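Asker: Quick one: the structure is below, and I'll ask about it shortly.
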Amino acid sequence: MGAVMGTFSSLQTKQRRPSKDIAWWYYQYQRDKIEDELEMTMVCHRPEGLEQLEAQTNFTKRELQVLYRGFKNECPSGMVNEETFKQIYAQFFPHGDASTYAHYLFHAFDTTQTGSVKFEDFVTALSILLRGTVHEKLRWTFNLYDINKDGYINKEEMMDIVKAIYDMMGKYTYPVLKEDTPRQHVDVFFQKMDKNKDGIVTLDEFLESCQEDDNIMRSLQLFQNVM
Amino acid sequence: MAAGVAAWLPFARAAAIGWMPVANCPMPLAPADKNKRQDELIVLNVSGRRFQTWRTTLERYPDTLLGSTEKEFFFNEDTKEYFFDRDPEVFRCVLNFYRTGKLHYPRYECISAYDDELAFYGILPEIIGDCCYEEYKDRKRENAERLMDDNDSENNQESMPSLSFRQTMWRAFENPHTSTLALVFYYVTGFFIAVSVITNVVETVPCGTVPGSKELPCGERYSVAFFCLDTACVMIFTVEYLLRLFAAPSRYRFIRSVMSIIDVVAIMPYYIGLVMTNNEDVSGAFVTLRVFRVFRIFKFSRHSQGLRILGYTLKSCASELGFLLFSLTMAIIIFATVMFYAEKGSSASKFTSIPASFWYTIVTMTTLGYGDMVPKTIAGKIFGSICSLSGVLVIALPVPVIVSNFSRIYHQNQRADKRRAQKKARLARIRVAKTGSSNAYLHSKRNGLLNEALELMGTPEEEHMGKTTSLIESQHHHLLHCLEKTTNHEFIDEQMFEQNCMESSMQNYPSTRSPSLSSHPGLTTTCCSRRSKKTTHLPNSNLPATRLRSMQELSTIHIQGSEQPSLTTSRSSLNLKADDGLRPNCKTSQITTAIISIPTPPALTPEGEGRPPPASPGSNTNVPAVASNVVKVSAL
Numbered sequence: 135m136g137a138v139m140g141t142f143s144s145l146q147t148k149q150r151r152p153s154k155d156i157a158w159w160y161y162q163y164q165r166d167k168i169e170d171e172l173e174m175t176m177v178c179h180r181p182e183g184l185e186q187l188e189a190q191t192n193f194t195k196r197e198l199q200v201l202y203r204g205f206k207n208e209c210p211s212g213m214v215n216e217e218t219f220k221q222i223y224a225q226f227f228p229h230g231d232a233s234t235y236a237h238y239l240f241h242a243f244d245t246t247q248t249g250s251v252k253f254e255d256f257v258t259a260l261s262i263l264l265r266g267t268v269h270e271k272l273r274w275t276f277n278l279y280d281i282n283k284d285g286y287i288n289k290e291e292m293m294d295i296v297k298a299i300y301d302m303m304g305k306y307t308y309p310v311l312k313e314d315t316p317r318q319h320v321d322v323f324f325q326k327m328d329k330n331k332d333g334i335v336t337l338d339e340f341l342e343s344c345q346e347d348d349n350i351m352r353s354l355q356l357f358q359n360v361m
Numbered sequence: 002m003a004a005g006v007a008a009w010l011p012f013a014r015a016a017a018i019g020w021m022p023v024a025n026c027p028m029p030l031a032p033a034d035k036n037k038r039q040d041e042l043i044v045l046n047v048s049g050r051r052f053q054t055w056r057t058t059l060e061r062y063p064d065t066l067l068g069s070t071e072k073e074f075f076f077n078e079d080t081k082e083y084f085f086d087r088d089p090e091v092f093r094c095v096l097n098f099y100r101t102g103k104l105h106y107p108r109y110e111c112i113s114a115y116d117d118e119l120a121f122y123g124i125l126p127e128i129i130g131d132c133c134y135e136e137y138k139d140r141k142r143e144n145a146e147r148l149m150d151d152n153d154s155e156n157n158q159e160s161m162p163s164l165s166f167r168q169t170m171w172r173a174f175e176n177p178h179t180s181t182l183a184l185v186f187y188y189v190t191g192f193f194i195a196v197s198v199i200t201n202v203v204e205t206v207p208c209g210t211v212p213g214s215k216e217l218p219c220g221e222r223y224s225v226a227f228f229c230l231d232t233a234c235v236m237i238f239t240v241e242y243l244l245r246l247f248a249a250p251s252r253y254r255f256i257r258s259v260m261s262i263i264d265v266v267a268i269m270p271y272y273i274g275l276v277m278t279n280n281e282d283v284s285g286a287f288v289t290l291r292v293f294r295v296f297r298i299f300k301f302s303r304h305s306q307g308l309r310i311l312g313y314t315l316k317s318c319a320s321e322l323g324f325l326l327f328s329l330t331m332a333i334i335i336f337a338t339v340m341f342y343a344e345k346g347s348s349a350s351k352f353t354s355i356p357a358s359f360w361y362t363i364v365t366m367t368t369l370g371y372g373d374m375v376p377k378t379i380a381g382k383i384f385g386s387i388c389s390l391s392g393v394l395v396i397a398l399p400v401p402v403i404v405s406n407f408s409r410i411y412h413q414n415q416r417a418d419k420r421r422a423q424k425k426a427r428l429a430r431i432r433v434a435k436t437g438s439s440n441a442y443l444h445s446k447r448n449g450l451l452n453e454a455l456e457l458m459g460t461p462e463e464e465h466m467g468k469t470t471s472l473i474e475s476q477h478h479h480l481l482h483c484l485e486k487t488t489n490h491e492f493i494d495e496q497m498f499e500q501n502c503m504e505s506s507m508q509n510y511p512s513t514r515s516p517s518l519s520s521h522p523g524l525t526t527t528c529c530s531r532r533s534k535k536t537t538h539l540p541n542s543n544l545p546a547t548r549l550r551s552m553q554e555l556s557t558i559h560i561q562g563s564e565q566p567s568l569t570t571s572r573s574s575l576n577l578k579a580d581d582g583l584r585p586n587c588k589t590s591q592i593t594t595a596i597i598s599i600p601t602p603p604a605l606t607p608e609g610e611g612r613p614p615p616a617s618p619g620s621n622t623n624v625p626a627v628a629s630n631v632v633k634v635s636a637l
């Protein structure tokens with residue numbers, strides 16, 4: 135009896151294990167697939183020369199060197215795709231889920247919408263954010279909030295952004311996060327920014343309102359010495 | 002924070018501009034980068050071999066020796082380099098860890114030397130990358146086994162009086178080398194097993210003739226002697242079985258084990274025979290029962306490791322053996338049928354039926370060829386030769402396959418189980434380290450409040466604040482602080498969150514709540530119901546009033562020890578230990594202080610009542626709080 139059961143079980147395993155020919159072809163196919171994938175990631179991107187970047191941005195050569203070393207360490211291929219971007223950003227916010235906000239950030243960095251951020255895009259954006267004028271910074275922030283890039287911020291877009299920010303806080307907060315906290319926050323924001331109360335915020339309204347608010351002006355200068 | 006991406010911190014901080022217009026309250030100040038060093042090369046001299054790297058590379062992992070200020074102890078003023086009197090080969094791997102974020106284990110390296118080096122540089126072995134982790138763990142296990150063997154042989158020489166009599170007995174049975182008595186017992190039982198087996202064998206040998214009757218086997222001639230021998234053996238075996246049963250830690254498991262079944266089968270026939278001696282009808286059955294006495298030979302497997310391994314081999318190879326049997330059966334049936342029909346024609350053929358042909362097929366296929374059944378027709382001879390040729394193939398082919406399959410499957414199973422077990426343990430350890438990083442922010446937040454208060458006061462004592470957190474850490478914490486400000490919510494750890502939950506639920510007991518349990522393992526309270534996405538929904542938002550009334554929150558600065566903050570400190574435990582912890586730290590110039598913070602809705606302004614830190618701790622006051630017996634310390 136045991137022998138019969140043994141043979142039945144061995145039969146089943148025999149079916150699951152393909153014969154040598156099929157197994158060999160399957161293995162070859164898998165290997166080829168892996169090699170193809172490897173080839174794709176080997177495509178490298180090299181940034182323009184140091185002098186050009188120095189001219190285009192507000193960074194010194196040394197700063198560019200430090201930035202590039204960090205960039206290349208994380209992305210040896212020279213390009214960041216959205217997944218890597220999200221992973222890197224998520225490491226700074228271990229409490230919550232930073233992927234949504236990282237998604238919006240990625241699309242703000244990826245000005246040409248190619249799906250990958252190259253070192254030039256990275257450095258250009260950083261130059262604006264850290265060394266740019268107030269006007270440039272605010273414009274960049276407006277671009278970040280404007281998810282569909284139509285030139286206007288409506289309540290839904292703002293809701294998405296604020297929700298993404300709250301997601302980064304995670305669950306363990308004090309006071310406890312309630313469901314309508316983001317909505318309240320957005321309402322406050324729109325009250326401040328939307329001058330003509332038409333439900334959308336244009337770039338001019340945004341610039342004007344931000345320049346009126348001292349808090350915002352001060353906080354924009356906060357990251358002057360980041361590098 | 003994974004320090005591997007510390008280089009991207011400027012980017013993360015720049016991206017924080019996106020929060021600024023959304024925030025309603027002012028942002029905290031950025032940590033000042035007082036000694037703004039340009040990134041410099043530092044030279045590490047390890048036993049004469051010089052390595053060079055950027056300072057920021059090493060600072061990626063601030064909780065290791067090279068990443069923290071501990072390396073200053075090794076700084077050589079004359080040569081302006083850091084000198085380590087350690088192995089340069091292993092240092093190569095260590096430095097590559099800083100560069101690439103992945104720690105590799107070189108195969109040629111001794112495992113204990115490698116472990117020592119890792120311990121010296123303050124690196125957890127769990128960080129070893131997947132590519133080398135299996136090898137590392139294997140070597141470590143072998144080493145541990147070697148150490149254990151050494152320990153065992155040491156222990157065997159000393160006495161262990163702490164074991165009970167039963168446990169000593171069991172140990173003696175399982176491992177005969179523990180004491181001389183056990184060894185004696187081991188050899189005696191072995192001797193009697195041999196005696197019993199030989200008796201069974203010799204019993205059947207014809208022993209010379211008694212004049213006047215035919216040849217008798219020895220068993221019948223000297224039946225009394227043999228009976229005495231048998232009785233003696235069975236007595237010994239019974240005593241041994243009962244002693245083992247008594248000493249076994251789990252009797253049920255012992256009874257079910259293979260060895261005890263063999264023991265029982267070996268001695269049962271004797272007792273059954275005793276009961277049934279004078280009954281002629283059953284004596285036939287009694288005789289067959291004696292066959293089971295041969296099972297006594299299996300008792301040798303307790304004495305022989307090889308037998309046990311063989312048994313395990315057969316058991317684990319069962320499916321392969323089953324396949325062999327099945328294919329043989331198929332071939333036998335086919336050839337038997339063919340031979341039967343081929344020989345049907347010939348007269349006086351021995352192949353009377355297909356089952357009768359089975360015997361011929363088996364004998365031919367295994368190349369035995371007894372010759373008691375031979376085909377006579379030509380067709381029969383042809384098929385007979387085909388049968389014997391294929392027999393060779395069918396038998397010879399699966400056997401090496403079985404052997405290699407066995408070894409492959411055996412090793413594969415071992416590896417898969419190993420990997421699975423390692424993976425769970427590894428992930429658990431890495432998770433612990435990760436929560437450590439998020440807890441680090443909460444700890445330094447309390448410290449950071451003090452820092453800010455100090456900076457506002459402008460006291461010169463800020464030097465004493467011990468900037469034990471590196472610049473990167475302080476910048477990261479500033480970033481998280483900005484996020485808190487933007488959303489008007491604070492980060493707290495799990496325990497505090499549960500406490501808050503419980504308090505608010507106790508306050509709001511009459512109100513309805515849905516009793517669904519959260520699926521998060523940490524939350525056992527039912528107040529946090531219906532987790533939608535990531536936000537928890539509390540039915541009553543009366544929080545601020547209750548907190549004002551009942552919870553006068555005192556947060557103590559955690560006692561700054563010389564080592565990193567431990568992972569498991571929570572506010573309540575900190576407070577509970579405050580009394581003990583304060584005293585030892587009086588000697589050092591560490592500052593322990595408390596800031597009374599009264600939460601004001603909706604935002605928390607912990608800097609509201611910061612007090613300048615005294616050099617010594619103040620008196621303790623006990624403030625009763627709801628739902629937590631927390632000793633609160635205030636500085637006066």
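Those protein sequences? They're chains V and B, same order as listed.
As numbered in our numbering, residues 135 to 361 make up the first sequence, in order.
As numbered in our numbering, residues 2 to 637 make up the second sequence, in order.
No residue lacks a Cβ here, since even glycine has one placed at the ideal position from N, Cα and C.
Being a predicted model, the structure only gives us computed values, none of them experimental.
Residues in the region 11-31 of chain B with C-beta within 9 Å of chain V's C-beta atoms, listed in sequence order?
Answerer: 11, 12, 13, 14, 15, 16, 17, 18, 19, 20, 21, 22, 23, 24, 25, 26, 27, 28, 29, 30 and 31
Asker: Please return the same chain residues whose Cβ sits closer than 7 Å to the Cβ of residue 235 of chain B, not counting the five positions on each side in sequence.
Answerer: 268 and 271
Asker: Give a yes or no on whether 8 Å exceeds the smallest Cβ distance from residue 267 of chain V to chain B.
Answerer: no
Asker: Consider the Cβ of residue 439 of chain B: report whether some Cβ of chain V lies at a distance smaller than 8 Å.
Answerer: yes
Asker: Going by DSSP, name the residue or residues bridged to residue 313 of chain B.
Answerer: BP columns for residue 313 of chain B are empty, so no partner.
Asker: Using the Cα positions of residue 644 of chain B and residue 257 of chain B, report the straight-line distance between them to the nearest angstrom.
Answerer: Because chain B spans 2 through 637 in this model, residue 644 of chain B falls outside it and cannot be assessed.
Asker: Verify whether the separation of the beta carbon atoms of residue 83 of chain B and residue 25 of chain B is less than 8 Å.
Answerer: no
Asker: Helix, strand or coil for residue 186 of chain V, going by three-state DSSP, please let me know.
Answerer: DSSP places residue 186 of chain V within a helical segment (H, G or I) once states are collapsed to three.
Asker: Can residue 317 of chain B and residue 308 of chain B be called in contact, C-beta distance under 8 Å?
Answerer: No, the Cβ-Cβ distance between residue 317 of chain B and residue 308 of chain B is not below 8 Å.
Asker: Please name the residues in the region 491-505 of chain B whose beta-carbon is closer than 8 Å to at least one beta-carbon of chain V, in chain order.
Answerer: 491, 492, 493, 494, 495, 497, 498, 501, 502 and 505
Asker: With distances taken from CA atoms, which of B:344, B:103, B:389 and B:346 is nearest residue 363 of chain B?
Answerer: The candidate whose alpha carbon is nearest that of residue 363 of chain B is B:389.
Asker: Under a Cβ-count criterion, where at least 16 other Cβ atoms within 10 Å of its own Cβ denotes burial, should residue 65 of chain B be classed as buried or exposed?
Answerer: Buried is the call here.
Asker: Does the CB of residue 180 of chain V have a neighbour CB from chain B at under 8 Å?
Answerer: no
Asker: Starting from residue 435 of chain B, find everything on chain V with Cβ-Cβ shorter than 9 Å and list it in chain order.
Answerer: 228
Asker: Which one of B:494, B:176, B:338 and B:484 has the shortest CA to CA distance from residue 31 of chain B?
Answerer: B:484
Asker: Which word fits residue 170 of chain B, buried or exposed, when buried means at least 16 other C-beta atoms lie within 10 angstroms of its C-beta?
Answerer: Taking all protein chains shown into account, residue 170 of chain B has 16 or more neighbouring C-beta atoms within 10 Å of its C-beta and is therefore buried.
Asker: If you reduce the DSSP assignment to three classes, tell me which class residue 502 of chain B lands in.
Answerer: For residue 502 of chain B, the secondary structure class from DSSP, reduced to helix, strand or coil, is helix.
Asker: Using DSSP with H/G/I as helix, E/B as strand and the rest coil, what is residue 581 of chain B?
Answerer: No answer about residue 581 of chain B holds up, because its pLDDT of 41 lies below 50 and its placement is not dependable.
Asker: Assess, as a yes-or-no matter, whether the region 212-227 of chain V is touched by the region 250-258 of chain V under the definition of 3 or more beta carbon pairs within less than 8 Å.
Answerer: yes
Asker: From the DSSP output, in three-state form, read off residue 242 of chain V for me.
Answerer: helix
Asker: Counting only the same chain and skipping the five closest in sequence on each side, list residues whose C-beta sits under 8 Å from that of residue 255 of chain B.
Answerer: 245, 246, 249 and 261
Asker: For residue 133 of chain B, collect the residues of the same chain with a Cβ closer than 7 Å to its Cβ; drop the 5 residues on either side in sequence, then sort them by chain order.
Answerer: 105 and 106
Asker: Using the Cα positions of residue 238 of chain B and residue 194 of chain B, report the straight-line distance between them to the nearest angstrom.
Answerer: 8 Å
Asker: Measure the beta-carbon distance from residue 92 of chain B to residue 52 of chain B and round it to whole angstroms, keeping in mind my assumption that it falls under 8 Å.
Answerer: 7 Å
Asker: In whole angstroms, what separates the C-alpha of residue 639 of chain B from that of residue 127 of chain B?
Answerer: With chain B running from 2 to 637 in the structure shown, residue 639 of chain B is simply not present.
Asker: Using only the alpha-carbon positions, how far apart do residue 238 of chain V and residue 324 of chain V sit?
Answerer: For residue 238 of chain V and residue 324 of chain V, the distance between alpha carbons rounds to 20 Å.
Asker: Suppose contacts are defined by Cβ-Cβ distances below 8 Å. Is residue 278 of chain V in contact with residue 19 of chain B by that definition?
Answerer: yes
Asker: Taking Cβ-Cβ distances shorter than 7 Å, what residues in chain V pair up with residue 482 of chain B?
Answerer: What residue 482 of chain B touches in chain V: nothing, since even the nearest Cβ is about 11 Å away.
Asker: Do residue 354 of chain V and residue 220 of chain V count as a contact pair if the criterion is CB distance below 8 Å?
Answerer: no
Asker: For the beta strand (DSSP E) containing residue 247 of chain V, list its first residue and its last residue.
Answerer: It is not in any beta strand (DSSP E) - residue 247 of chain V carries neither H nor E in the DSSP assignment.
Asker: For residue 223 of chain B, I'd like the list of residues in its chain whose CB is within less than 8 Å of its CB, leaving aside the five on either flank, ordered along the chain.
Answerer: The beta carbon of residue 223 of chain B lies closer than 8 Å to those of 208 in the same chain, with the five residues before and after it left out.
Asker: Any idea what DSSP makes of residue 511 of chain B, helix, strand or coil?
Answerer: Confidence in residue 511 of chain B is poor, its pLDDT being 48 and thus under 50, which makes the residue's placement unreliable; the coordinate value appears in the next sentence. Coil, per DSSP.
Asker: Which stretch, first to last residue, makes up the alpha helix (DSSP H) that contains residue 473 of chain B?
Answerer: Residue range 472-488 is occupied by the alpha helix (DSSP H) that includes residue 473 of chain B.
Asker: What's the gap between the Cα of residue 243 of chain B and the Cα of residue 265 of chain B?
Answerer: 10 Å
Asker: Could you name the residues that DSSP lists as bridge partners for residue 214 of chain V?
Answerer: V:251
Asker: Is the beta carbon of residue 386 of chain V sitting closer than 8 Å to the one on residue 15 of chain B?
Answerer: A question about residue 386 of chain V goes unanswered here, because the residues of chain V that appear run from 135 up to 361.
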